[in-house]
Amino acid sequence: GFAHLGSYRSMKDYSARRILQIQRNGLRLALLNYTYGTNGIRVPQGTVVNLIKARTIAEDLAAARKLKPDAIIVLYHYGGEYLRKPDKYQIKWTDFALEHGADIVLGGHPHVLQPFEVRTVRDRYDDVKDRLIVCSLGNFVSNQQRRFTDGGMAFHFDLVKNPDDESPQRVRFENVRYDPVWVYVDRTGPRRQYYVLPVEEYLANDRDIKLPESAFVRMKRFHDDTSTHLAPSRKAVAPPAPDR
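Below you can see the structure in the form of structure tokens.
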């Protein structure tokens with residue numbers, strides 16, 4: 006029942022679903038998804054996986070723009086593993102997507118959290134708009150327990166339709182924030198149990214599960230590392246846009 010994109014059973018499937026369109030609460034969104042590679046796994050003949058290629062991305066974004074959505078979202082699987090800041094490859098392809106009309110870039114693959122921002126960008130169509138950039142969401146569910154890799158974030162933002170139909174800024178970003186989540190691996194039973202814990206709710210004693218002291222110390226360290234690296238959670242990173 007999940008809508009998905011970026012991989013396709015056939016060229017016919019690819020042609021039909023090349024751009025994922027979603028309509029919610031009066032907003033029309035277009036989504037595109039690309040990966041740097043497949044971890045060395047051969048793509049079966051006849052199927053399609055969207056790789057990060059300039060021509061493909063440019064053509065897709067041009068086609069998405071013609072659909073006149075309220076926002077275009079590009080998802081990337083990219084970047085060096087375990088780097089806490091975006092590398093040159095991420096910066097290159099993030100900027101490429103924004104230049105070609107993307108409004109939002111959401112990324113993963115580094116396995117650690119990276120800073121996010123709202124940035125004002127002029128694209129190739131001469132539209133000056135605020136764009137939302139999240140280069141790495143970290144790990145959500147994983148077996149990686151080293152420092153910085155043992156958690157991630159549930160990222161939140163509201164899209165608010167701009168009442169000014171003449172403005173290129175069709176939506177505004179409001180309530181941009183995140184909730185840090187931490188992976189606890191319980192090895193006390195016959196099988197490992199994995200829990201994704203909303204850290205701040207746990208710290209507020211709003212969770213039934215009780216961590217061993219050693220796990221609590223590591224979760225608290227993840228929370229402190231994250232707050233230092235990204236700024237405290239539940240805080241907007243950009244002021245509300247002025248009415249236009």
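With the numbering used here as the guide, the letters of the sequence shown map in order to residues 6 to 249. All C-beta atoms in this analysis are idealised placements derived from N, C-alpha and C, irrespective of residue type, glycine included.
Item, Value
"L37 and I27 closer than 7 Å at C-beta", "no"
"Distance between beta carbons of P185 and M158, contact taken as under 8 Å", "5 Å"
"The region 80 to 96 touching the region 200 to 213, judged by at least three CB pairs closer than 8 Å", "no"
"Top-ranked residue by Cα proximity to R124, from V181, G143, F145", "V181"
"Which residues DSSP lists as bridging P185, in chain order", "M158"
"Per-residue DSSP class, three states only, for V133", "strand"
"Buried versus exposed, by CB contacts within 10 Å (16 or more), G42", "exposed"
"L216 in three-state terms, based on DSSP", "coil"
"Close Cβ partners of Q95 (< 7 Å) along its chain, the five nearest in sequence each way excluded", "Y83, G84, G112, C140"
"Range covered by the beta strand (DSSP E) that runs through T40", "32 to 40"
"At least three beta-carbon pairs within less than 8 Å, the region 164 to 182 to the region 142 to 150", "no"
"Cβ pair F153, V126 closer than 7 Å", "no"
"K17, DSSP secondary structure in three states", "helix"
"Neighbourhood of L66 by C-beta distance below 8 Å, restricted to the same chain and skipping five residues each side", "L37, I77, V79, A102, H105, G106, A107"
"Where P195 falls, given that 16 or more other Cβ within 10 Å makes a residue buried", "exposed"
"Uninterrupted beta strand (DSSP E) stretches inside the region 35 to 108 (no shorter than 3 residues)", "76 to 82"
"G51 versus P168 - alpha carbon distance", "45 Å"
"Pair within 7 Å by beta-carbon distance, Y13 and V53", "yes"
"Option nearest R22 by Cα separation, candidates G31, A59, F160, H9", "H9"
"Integer-rounded CB distance, given that Y183 should sit under 8 Å from V190", "With a Cβ gap of about 22 Å, V190 and Y183 do not count as contacting."
"Distance between L25 and T61 (C-alpha atoms, nearest Å)", "15 Å"
"A68 to R197 span [Cα, whole Å]", "46 Å"
"Those residues which DSSP pairs with D7 across a bridge", "Just to set this straight, residue 7 is Phe in the shown sequence, not Asp. None, per the DSSP bridge assignment."
"Collapsed DSSP secondary structure at D163 in the structure displayed", "strand"
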